[in-house]
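Q: To convert, take the position in the sequence shown, counting from 1, and add 11; that gives our numbering. The C-beta atom is built at its ideal place from N, Cα and C for all residues, glycine as well. Once you've had a glance at the structure underneath, I'll fire off some questions.
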Amino acid sequence: MLEKTFEPQAAEPRLYQQWEESGLFAPRAATATDGASDAYSIVIPPPNVTGSLHIGHALNNTLQDILARYHRMKGKAVLWLPGTDHAGIATQMVVERKLAAEGNVGRRDMGRDAFVEKVWEWKAESGGTIVRQLRRLGASCDWSRERFTLDEGLNAAVRKVFVQLHKDGLIYRDKRLVNWDPHFQTAISDLEVEQREVEGAYWHFAYPLADGVTYEHPVAFDDDGKATEWETRDFIVVATTRPETMLGDTGVAVHPDDERYASIVGKSVILPITGRAIPIVADEYADPTKGSGAVKITPAHDFNDFQVGKRNGLPSINVLDAFARIVGTHLIDARFDKTSGNYNDVGAESSWSPEQHDELYYIPFELQGLDRFAARKAIVARAEEEGWLREIEKTRHVVPHGDRSGVVIEPWLTDQWYVDAHTLAQPALKAVEQGDTVFEPKSYEKIYFEWLRNIEPWCISRQLWWGHRIPAWYGPNGEIYVAETEEDAREQAMADYDSEVALTQDEDVLDTWFSSALWPFSTMGWPEKTEDLERFYPTSDLVTAADIIFFWVARMMMMGQHFMGEVPFKRVIINGLVRDEKGQKMSKSKGNVIDPLGIIDELGADPLRFTMAILSGTRDIKLSKQRIEGYRNFGTKLWNAARFSQMNEARRVEGFDPATVDQTINRWIRGELTKAERAVSEAVEGGRFDDAAGALYRFVWNVFCDWYLELAKPVFNGADEAAKAETRAMTAWTLDQTLKLLHPVMPYITEELWAELGKEGPARETLLIGAEWPVLPDSFIDAAAEAEIGWLVDLVGEIRGLRAEMNVPVAAKPPLAFVAPDAVTAERIARHRDLILTLGRVSEVGSVEAAPAGAVTFVSGGSTVALPLAGIIDLTAERARLEKEIAVFESDIGHVNKKLGNPNFVARAAPEVVEEQRAKLAEAEAGKAKLQAALKRLETL
Numbered sequence: 012m013l014e015k016t017f018e019p020q021a022a023e024p025r026l027y028q029q030w031e032e033s034g035l036f037a038p039r040a041a042t043a044t045d046g047a048s049d050a051y052s053i054v055i056p057p058p059n060v061t062g063s064l065h066i067g068h069a070l071n072n073t074l075q076d077i078l079a080r081y082h083r084m085k086g087k088a089v090l091w092l093p094g095t096d097h098a099g100i101a102t103q104m105v106v107e108r109k110l111a112a113e114g115n116v117g118r119r120d121m122g123r124d125a126f127v128e129k130v131w132e133w134k135a136e137s138g139g140t141i142v143r144q145l146r147r148l149g150a151s152c153d154w155s156r157e158r159f160t161l162d163e164g165l166n167a168a169v170r171k172v173f174v175q176l177h178k179d180g181l182i183y184r185d186k187r188l189v190n191w192d193p194h195f196q197t198a199i200s201d202l203e204v205e206q207r208e209v210e211g212a213y214w215h216f217a218y219p220l221a222d223g224v225t226y227e228h229p230v231a232f233d234d235d236g237k238a239t240e241w242e243t244r245d246f247i248v249v250a251t252t253r254p255e256t257m258l259g260d261t262g263v264a265v266h267p268d269d270e271r272y273a274s275i276v277g278k279s280v281i282l283p284i285t286g287r288a289i290p291i292v293a294d295e296y297a298d299p300t301k302g303s304g305a306v307k308i309t310p311a312h313d314f315n316d317f318q319v320g321k322r323n324g325l326p327s328i329n330v331l332d333a334f335a336r337i338v339g340t341h342l343i344d345a346r347f348d349k350t351s352g353n354y355n356d357v358g359a360e361s362s363w364s365p366e367q368h369d370e371l372y373y374i375p376f377e378l379q380g381l382d383r384f385a386a387r388k389a390i391v392a393r394a395e396e397e398g399w400l401r402e403i404e405k406t407r408h409v410v411p412h413g414d415r416s417g418v419v420i421e422p423w424l425t426d427q428w429y430v431d432a433h434t435l436a437q438p439a440l441k442a443v444e445q446g447d448t449v450f451e452p453k454s455y456e457k458i459y460f461e462w463l464r465n466i467e468p469w470c471i472s473r474q475l476w477w478g479h480r481i482p483a484w485y486g487p488n489g490e491i492y493v494a495e496t497e498e499d500a501r502e503q504a505m506a507d508y509d510s511e512v513a514l515t516q517d518e519d520v521l522d523t524w525f526s527s528a529l530w531p532f533s534t535m536g537w538p539e540k541t542e543d544l545e546r547f548y549p550t551s552d553l554v555t556a557a558d559i560i561f562f563w564v565a566r567m568m569m570m571g572q573h574f575m576g577e578v579p580f581k582r583v584i585i586n587g588l589v590r591d592e593k594g595q596k597m598s599k600s601k602g603n604v605i606d607p608l609g610i611i612d613e614l615g616a617d618p619l620r621f622t623m624a625i626l627s628g629t630r631d632i633k634l635s636k637q638r639i640e641g642y643r644n645f646g647t648k649l650w651n652a653a654r655f656s657q658m659n660e661a662r663r664v665e666g667f668d669p670a671t672v673d674q675t676i677n678r679w680i681r682g683e684l685t686k687a688e689r690a691v692s693e694a695v696e697g698g699r700f701d702d703a704a705g706a707l708y709r710f711v712w713n714v715f716c717d718w719y720l721e722l723a724k725p726v727f728n729g730a731d732e733a734a735k736a737e738t739r740a741m742t743a744w745t746l747d748q749t750l751k752l753l754h755p756v757m758p759y760i761t762e763e764l765w766a767e768l769g770k771e772g773p774a775r776e777t778l779l780i781g782a783e784w785p786v787l788p789d790s791f792i793d794a795a796a797e798a799e800i801g802w803l804v805d806l807v808g809e810i811r812g813l814r815a816e817m818n819v820p821v822a823a824k825p826p827l828a829f830v831a832p833d834a835v836t837a838e839r840i841a842r843h844r845d846l847i848l849t850l851g852r853v854s855e856v857g858s859v860e861a862a863p864a865g866a867v868t869f870v871s872g873g874s875t876v877a878l879p880l881a882g883i884i885d886l887t888a889e890r891a892r893l894e895k896e897i898a899v900f901e902s903d904i905g906h907v908n909k910k911l912g913n914p915n916f917v918a919r920a921a922p923e924v925v926e927e928q929r930a931k932l933a934e935a936e937a938g939k940a941k942l943q944a945a946l947k948r949l950e951t952l
């Protein structure tokens, strides 16, 4: 006999060990008849090796596991390939902090080789945390194939790809703006940039015109906006939120159609502090409706300005060093080789060209070496003192910060390695346009297309030590040799030199996303022609989040197309973002984070997994612990149903054939199970995990537990031994099929029940994870049984609903009367009288020619049914109760309507707050309508 409750804390580790030891996580052996459709493969989005399981991981990996378990039970050879990402900046930060906490020297004092060795030591000790946590979730990955983006095989793949793309002209070195993190002193990707709203200001500066030039500027306007008064000006006003960057201004832009400045386009202003003359240019980037309509252009420190500078031939002057300090001439002189025209240190000053060398001497000595924010204060103070500060306009604006360092990110001009993403994007675009790869939901294709059609060169170099070191070597005269090995690079160098020369490898490493872009094929052994590649590439599905469609999905598409000649996956399933119950983003600072490991410790993995699945159909998943607890109750319901079946001797019978059952309830449950299997299979195949979970919930709770087992009770307790034996066997068979259907979503409790129920009856041939998915014929759906049991279920449901609506006391058992029933209904009443009495809690079931006085009537199955309530309920008190509750709903409706009718509330309130109010309104209106219907019924008594 089953224990009273399922104890996940004890069962889950034991069951997972059984699964691993069974070997069923690995793909089954290939057979001679296998075709492409007999394999199913999916690669895990590799979590950071530094990471711990968060609720997003729980969602994403639950959905992947559902797919893997389902297709495995369908008989396919399933490869769910796991692994972790080396997470360059995150891992380097973790190890640096660890070294500092232990009192060790910093990485620069330690040296590159020694530091990297320390990182590998950390990885060996602590890098497997998230992998262990995925096991706790129940992830059925093939751990024997686990990969790491820095393992030797992937290292070789990365080097080969870099060298080949360089040969193809698709990787090159260039000087462009990047997101620069002054704390870590490296370029970072857009995904690693966090936009934060902060208090700031627009400082309005007056730049004097050069050479005594003046112009007439409008200062008064009529009602139609036409200028009526002008003043003569010898300056132009610009505004900036970053005064320190003015030292690198190389132009002022005005719109070509802005008549205010038409006469001075082509003239120059004198840049305050530096005294440099910079031109006024006409460019559509300038917006005449904002501020003065004139904008300062700093190509080396702003992404938009960089483009304006390119269009107008403006130079780029980098006035910040790698630490975001104002550059100093002493640093320039120390590293500038006037003979070669190069800088001796490839790093902070690599963006200074010989042409800009003299420009930097315009920076006053007292600003040199200052931190950017100290320089900002000094420049504003000087502007105020010298009279060219015209206004300080306070504002709140968005400023980019490093998501790990927390410091303000600088757009910074520097030499980096780039991929020609535009060229690689064209086959990736075409593949989705023609349906080689599809997105679910399809609406996410828009994000994919928008990014690829407007793609910029991809900066792939990072100024870190942990990662794939760029396979490029520099010769004595700056020649670059790109090769898979240093030996190959030396062979290339011999063509330029008469003898062997010293080569220096590039200090930078590759962007983590570069190695991740190769994940679907590099993990299967590429560049070797392996059996896994032959069998499992392209992969079947990718399950991932919307925020990395362009960072990862698109890049995998580009690399897969270029190196494998076909798409890396046939379908991309985009999962939603998990938020708190109010729709707000989870964050530690808000205290609203739900820890999946804490949930697993307390409630088990299954309730978490089921919740993830049933809520997965929305972009924003509103999650609360209470919802997870609710689905724990669902597992408890199933467990109790299994115990009830055991107590009523429902055991599996050797050779039992459900096609031969005769009892109406058994033919009915057989059909309901068949429909449930269809619904679950179609939903999982379609990536609609919420529909699959919903179908399982309805069948298990509403159909099997609430109705079938209730309808089976009289049979179990009756004297008809044949009916009893058939129903017991049918109950056990149905429970077995139910466990199979539910297993991909709730693997632990179903596997435990499979084992426990298997102790009686014929021996199990396999663990549930390896059992065959139910394939039930259409003939199992019996229309006659469905109609009859459907009639009974609807009738009892109507009685129960009416009792609740009219506030009938639980102990009261009013009589039930059918008004002039037809012959079919009369027969059904006779067959199911005892069930109607018990389930409907009525004292008798009869037939009458007309509804008796004081009865509430309703229609069920085409028949009019009467439930006399006069004398059972206090009509006056009940009418007062209903009217009072209706008044409460009306008050709530009025209050919410007032809020939603206020344009300021709708415009200013957070979207989730507005949505919450709309949900309250709908709930109140539905409640009011229900009570009004009850009141109307009451008036008939």
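Assuming Val60 and Ala112 form a contact by the criterion Cβ under 8 Å, report the distance between their Cβ atoms to the nearest whole angstrom.
A: Contact doesn't hold; Cβ gap of about 19 Å is too wide.
Q: Kindly indicate which three-state DSSP category Trp784 falls into: helix, strand or coil?
A: DSSP places Trp784 in coil when its eight states are reduced to three.
Q: I believe Val172 touches Phe216 by the beta-carbon criterion, under 8 Å. Please report the beta-carbon distance rounded to the nearest angstrom.
A: No, Val172 and Phe216 are not in contact; Cβ-Cβ is about 48 Å, not under 8 Å.
Q: What does the Cβ neighbour count give for Pro755, buried or exposed, with the cut at 16 atoms within 10 Å?
A: Buried.
Q: If I follow the unbroken alpha helix (DSSP H) through Lys301, where does it start and stop?
A: Segment: none, Lys301 is in no alpha helix (DSSP H) and carries neither H nor E.
Q: Can you name, in chain order, every residue of its own chain whose Cβ lies under 6 Å from the Cβ of Arg39, other than the five neighbours on each side?
A: Excluding residues within five positions, the ones whose Cβ falls inside 6 Å are Ala88.
Q: What runs of the beta strand (DSSP E), each 3 residues or longer, lie entirely inside the segment 201 to 234?
A: The segment 201 to 234 contains these whole beta strand (DSSP E) runs: 204 to 219, 226 to 232.
Q: Quick one: give me the first and last residue of the beta strand (DSSP E) that Asn166 is part of.
A: Careful: Asn166 lies outside any beta strand (DSSP E), inside the alpha helix (DSSP H) at 163 to 178.
Q: Nearest CA to the CA of Asp558: which residue from Gln474, Glu456, Ser551, Leu608?
A: Answer by Cα proximity: Glu456.
Q: Report yes if the C-beta distance between Gly772 and Arg662 is below 8 Å; otherwise report no.
A: Yes.
Q: Does the pairing of the segment 601 to 610 with the segment 60 to 75 give three or more beta-carbon distances under 8 Å?
A: Contact between the segment 601 to 610 and the segment 60 to 75 is present, because at least three Cβ pairs lie under 8 Å.
Q: Please go through the same chain and pick out, in chain order, the residues whose beta-carbon is closer than 6 Å to the beta-carbon of Gly138, but skip the five residues on each side of it.
A: Answer for Gly138: Val60, listed in chain order.
Q: Looking at the structure shown, is Glu366 part of a helix, part of a strand, or coil, going by DSSP?
A: Low confidence applies here, because Glu366 scores a pLDDT of 49, under 50, leaving its location unreliable and the question unanswered by this model.
Q: Cβ of Thr745 within 8 Å of Cβ of Gln674?
A: Not a contact, by the Cβ cut-off of 8 Å.
Q: In terms of residue numbering, what span does the alpha helix (DSSP H) encompassing Asp120 cover?
A: Where Asp120 is concerned, the enclosing alpha helix (DSSP H) stretches over 118 to 121.
Q: Hey, quick one: how far does the beta strand (DSSP E) through Trp802 stretch, first residue to last?
A: No beta strand (DSSP E) holds Trp802; the alpha helix (DSSP H) holding it covers 794 to 816.
Q: If Leu424 and Leu188 are in contact, beta carbons under 8 Å, what's the gap, nearest whole angstrom?
A: Rounded, the Cβ-Cβ distance is 6 Å, consistent with contact.
Q: Does the separation of the CB atoms of Leu161 and His479 fall below 8 Å?
A: In contact: Leu161 and His479 (Cβ atoms closer than 8 Å).
Q: Measure the CB-CB distance between Leu202 and Asn586 and report whether it falls below 8 Å.
A: Contact flag unset, no.
Q: DSSP puts Pro8 in a beta bridge; with which residues?
A: The first residue shown for the chain is 12 and the last is 952, placing residue 8 beyond what the model contains.
Q: Comparing C-alpha positions only, which one of Ile390, Asn72, Met84, Leu90 sits nearest to Gln144?
A: For the residues Ile390, Asn72, Met84, Leu90, the minimum Cα distance to Gln144 belongs to Asn72.
Q: Output the distance between the C-alpha atoms of Thr406 and Pro310, rounded to the nearest integer angstrom.
A: Between Thr406 and Pro310, the C-alpha separation is close to 24 Å.
Q: CB-CB under 8 Å to Leu720, same chain, minus the five flanking residues each way: which ones, in chain order?
A: Result list for Leu720: Ala652, Phe655, Ser656, Thr742, in chain order.
Q: Buried or exposed: where does Asn713 fall if 16 or more other Cβ atoms within 10 Å of its Cβ makes it buried?
A: Exposed, because fewer than 16 other Cβ atoms sit within 10 Å of the Cβ of Asn713.
Q: For Phe314, count neighbouring Cβ atoms within 10 angstroms of its own Cβ and tell me buried if that reaches 16, exposed if not.
A: That one is exposed.
Q: For the segment 45 to 60 and the segment 110 to 127, state whether three or more C-beta atom pairs, one from each stretch, are separated by less than 8 Å.
A: The segment 45 to 60 is not in contact with the segment 110 to 127.
Q: Taking the alpha-carbon positions, what's the Ile625 to Arg699 distance?
A: Whole-angstrom Cα-Cα distance: 9 Å.
Q: I'd like the span of the alpha helix (DSSP H) that includes Ser527, first residue to last.
A: First-last of the alpha helix (DSSP H) with Ser527: 523 to 527.
Q: Assign Ser327 to one of three DSSP states: helix, strand, or coil.
A: In the structure shown, Ser327 sits in coil (DSSP, three-state: anything other than H, G, I, E or B).
Q: I'd like to confirm the pairing. Which residues does DSSP put opposite Asn677 in its beta bridges?
A: The partner list for Asn677 (beta bridge, DSSP) is empty, contrary to what the question assumes.
Q: Hey, out of Gly262, Ser854, Val276, whose CA is closest to Asp268's CA?
A: Checking every option, the nearest Cα to that of Asp268 belongs to Val276.
Q: Would Pro531 pass as a contact of Gly576 if the rule is Cβ separation under 8 Å?
A: Not closer than 8 Å, so no.
Q: Out of curiosity, what's the CA-to-CA distance linking Ala392 and Ala385?
A: Roughly 11 Å separates the two Cα atoms.
Q: Do the segment 778 to 791 and the segment 915 to 926 meet, that is, are 3 or more Cβ pairs less than 8 Å apart?
A: They do not touch, by the three-pair rule.
Q: At which residue ranges does the segment 77 to 132 contain complete beta strand (DSSP E) runs of 3 or more residues, listed in the order of the chain?
A: Runs found: 88 to 92.
Q: Give the straight-line distance between the Cα atoms of Ser327 and Asp260, rounded to the nearest whole angstrom.
A: Roughly 8 Å separates the two Cα atoms.
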